[in-house]
Each structure stands twice: as C-alpha cells, then as structure tokens.
Amino acid sequence: MALLQGLPTIPSLLPQGSTREIDSRLSKFCNLVISRGKEVNSVATFHDGKSRLFWNSSKCRKSRICAIKAQEDLEGLVVKERSVSVVLLAGGKGKRMGASMPKQYLPLLGQPIALYSFYTFSQMREVKEIVVVCDPSYKDIFEDASKNLQVDLKFASPGKERQDSVFNGFQEIDSGSDLVCIHDSARPLALTEDIKKVIKDAWMHGAAVLGVPAKATIKEANSDCFVVKTLDRKTLWEMQTPQVIRPSLLRAGFELVNRAGLEVTDDVSIVEHLKHPVFITEGSYTNIKVTTPDDLLLAERILNMKAVPVP
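Its first residue numbered 4, the sequence shown is counted upward by one per residue in our numbering.
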C-alpha cells in the first residue's frame, strides 16, 4: 500500500518546503493506523489548527470524512523518549538585579533560581541531555544537583551576546537529537505541561515558542516619545522560553545570521530569518523571568500560592 500517495501536503502539519519533507512524522501516524487495520485516506486541518488523519470506512463513504485519531492520541506518539537536547542559558550577569551574584543563582525559597528549571527538564522523559551555558565557576551547582538524575549533563561557555551563548550550547548537543529546547534559567516557573506542549508543537512544525497573549495596550512611539500608533492587541504575544527548534533549522539559521552579521534577541528569530513559520504555543502568565527584586518577590508568592514543592 502506498501510504503517502495522494496525500495532500498540509502546511500546519508539515514543515515548509518540498513535499519530500513529509518524512517520518506523517509516516509514524500512518503506520499506527495501518497497525490497527485502517487504510489512510487523507490528512486535513480543522479550524482549531489541529491536523488529523482520516481513514476509509462505510461511514467515511457516506460523509466523506471520518476522524481516525483523537488529538490526544496523536500527541502521545509525537515525541520520542530521550530525543530532546536542552540548552539552559545560565551565563547572564543580571546587572538589573543589583545583587552580588548573577540573578539565576540567587536563592528562591532556599534553592538557586537556575535549579528550578534544571530539575523540571531533568525529570522529563523526552529530555536526553542538558547543556548548561554558564561561567565555569558555577558548574559545581549543576554537577551536585545532577548526581542522582538520569540525564546527561554537559557545559558550554557563555558568549558576548545571547545568540553567541545559544550557539556555544548548540555546538555541544548530541548529533542524534531531534529537537533543541532553549530556556532561560532565570525563568524558574516554567510548567512541565507547557514545556511538553511546546516540544510537541516544535516536532510538528519545526519551530515553536511559548508565549502568552499581550494584556497591556502597546503603542509604537517615535524617537521623541510621541505616539505613532496603537498596535492591535489581539495580534500581539509576549514571548517566553522554552523555544524549541529542529537542529537542522537552527544550524541553517545560525549560518545565515552569522554570514549576514545579524543580531537577534530571541532564538526563534534565527529561524524567522529563514522565512520558516514559527508556531506560538500558549503558555502561562506565571512563567515570569526573574530580572528585578520585585520579580523575585513575585516568584516567591507564586510558588507559595501554588504550594509547589522545592525539588
């Protein structure tokens, strides 16, 4: 049976580019259906943005379309165990905090901020390794924390700019990884369920980023601080991390931005320069970045309100 013959290429399901890129993502879905004795007929995308496969059946012949797989089942087979490399950025100076050490190492309810997300990632079955980008003088914090964890630990040196640090961490990942998950260690409250969602969306689309709809009214101003226009809040999102990207895309993006001497402020911007679509996975407003003393107090309140246990 020619599984892929006649199947339409659905942009929201497949990466942009040649139809050859149907590859293993669609094949895995088809194989699962075949194993259940079903014949794959087509792929369709619904108004909710979720792609589903369809099979031939008497009901399908009457109605033309019949869903073969619940979305939760599809999500369950998307990401393999130990297929994701995490690049944890922990090399910032944190000058705005005004503390004696970088903000990511300040104690949050008795534990360094950076270890919250470190523990979160280390307990996820999808994660095979964590590459910590940090000053060598802080390596022992992560080495001590990883002693009883079933995850590989690597280190990379921070660069002058964020994109340099990401590049250095990217150079250390396992060549067999399916995805690179980049996270700011100063975001200690990223939820496991949100991380899983953005990883799955990146697996489907090639690149995905956690974000939340903008709440505040955003205005564009000129150099003299006069309002130029008010932006439509319905189209604006505040970006967070993790930002998850297929390694081949990130590699191509780095080649482009380095060749052109471009500067980017977040990781998926590197992919945007390739004109590849980036999917926004809706996250949680509690996934704050601890940058100021007020942020630290807010993080403490959130942890206390949720009664989140310190790992």
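Backbone N, C-alpha and C fix where the C-beta goes; we use that ideal spot for every residue, glycine too.
Using DSSP with H/G/I as helix, E/B as strand and the rest coil, what is residue i?
i, result
"valine 260", "helix"
"aspartate 26", "Because aspartate 26 sits at a pLDDT of 43, beneath the cut-off of 50, its placement in the model cannot be relied upon, and the following sentence gives the value as read from the coordinates. DSSP places aspartate 26 in helix when its eight states are reduced to three."
"alanine 193", "coil"
"alanine 219", "coil"
"leucine 234", "coil"
"valine 247", "strand"
"leucine 265", "coil"
"proline 296", "helix"
"aspartate 167", "helix"
"proline 139", "helix"
"asparagine 307", "helix"
"serine 272", "helix"
"histidine 315", "Only positions 4 to 314 of the chain appear in the structure, and residue 315 is not among them; the question remains open."
"lysine 278", "coil"
"glycine 179", "coil"
"arginine 254", "helix"
"lysine 83", "coil"
"glycine 162", "coil"
"leucine 301", "helix"
Alpha carbon to alpha carbon, how far is residue j from residue i? Give it in angstroms, no decimals.
i, j, result
"lysine 142", "phenylalanine 158", "8 Å"
"glutamate 196", "aspartate 227", "43 Å"
"serine 188", "leucine 118", "8 Å"
"proline 296", "glutamate 223", "28 Å"
"proline 161", "lysine 106", "15 Å"
"alanine 148", "isoleucine 198", "21 Å"
"leucine 259", "aspartate 177", "22 Å"
"leucine 112", "lysine 232", "42 Å"
"serine 88", "arginine 236", "34 Å"
"lysine 309", "glutamate 303", "10 Å"
"leucine 152", "serine 120", "14 Å"
"phenylalanine 229", "leucine 239", "21 Å"
"lysine 300", "asparagine 307", "Residue identity check: residue 300 is leucine in the sequence provided, not lysine. Rounded to whole angstroms, leucine 300 to asparagine 307 spans 11 Å at the Cα level."
"isoleucine 305", "alanine 205", "28 Å"
"glutamate 84", "glutamate 129", "4 Å"
"alanine 93", "aspartate 138", "8 Å"
"leucine 109", "proline 115", "5 Å"
"histidine 279", "glutamate 132", "26 Å"
"leucine 252", "lysine 200", "19 Å"
"arginine 262", "glycine 95", "25 Å"
"lysine 150", "serine 103", "27 Å"
Taking 6 Å as the limit between beta carbons, can you name the residues of its chain near residue i, skipping five residues before and five after?
i, result
"glycine 172", "Val90, Val134, Val136, Ala159"
"valine 271", "Ala210, Val212, Gln246, Val281"
"glutamate 146", "none"
"histidine 208", "Phe282"
"aspartate 155", "Glu132"
Name, in chain order, the residues that DSSP records as bridge partners for residue i.
i, result
"histidine 186", "Leu91"
"glycine 214", "Met242, Glu285"
"aspartate 331", "Limits of the chain in this structure are 4 at one end and 314 at the other, which puts residue 331 out of reach."
"leucine 118", "Paired residue(s): none; leucine 118 is not in a bridge."
"proline 110", "Pro115"
"alanine 224", "Val230"
Does the ligand NAP have a heavy atom nearer than 6 Å to the CB of residue i?
i, result
"leucine 259", "Of ligands this structure carries none, so the ligand NAP is not represented either."
Got a sec? Which residues, its chain only, sit under 8 Å from residue i by beta carbon, not counting five neighbours each side?
i, result
"glycine 214", "Trp240, Glu241, Met242, Gln243, Ile283, Thr284, Glu285, Gly286"
"isoleucine 291", "Arg190, Leu192, Asp298, Leu301, Ala302, Ile305"
"glutamine 174", "Ala159"
"arginine 254", "Phe173"
Can you list, in chain order, the residues of its chain with a C-beta nearer than 7 Å to that of residue i? Leave out the 5 residues immediately preceding and following it.
i, result
"isoleucine 202", "Val82, Val87, Glu129, Leu182, Cys184, Val247"
"serine 180", "Ser86, Val87, Ser88, Lys131, Pro250"
"alanine 73", "Only weak support exists for where alanine 73 lies, its pLDDT of 39 falling under 50; the coordinates are left without a value."
Open item on the list: Does the contact criterion of 3 or more C-beta pairs under 8 Å hold for the region 172-184 versus the region 279-287?
Closed with: no
- [ ] Taking 8 Å as the threshold, find out whether the region 187-206 comes into contact with the region 270-279 through three or more Cβ pairs.
- [x] no
TODO: Please determine if the region 210-218 and the region 112-125 are in contact, where contact requires at least 3 C-beta pairs separated by less than 8 Å.
DONE: no
Open item on the list: Would you call the region 161-171 in contact with the region 254-268, where contact means no fewer than 3 C-beta pairs closer than 8 Å?
Closed with: yes
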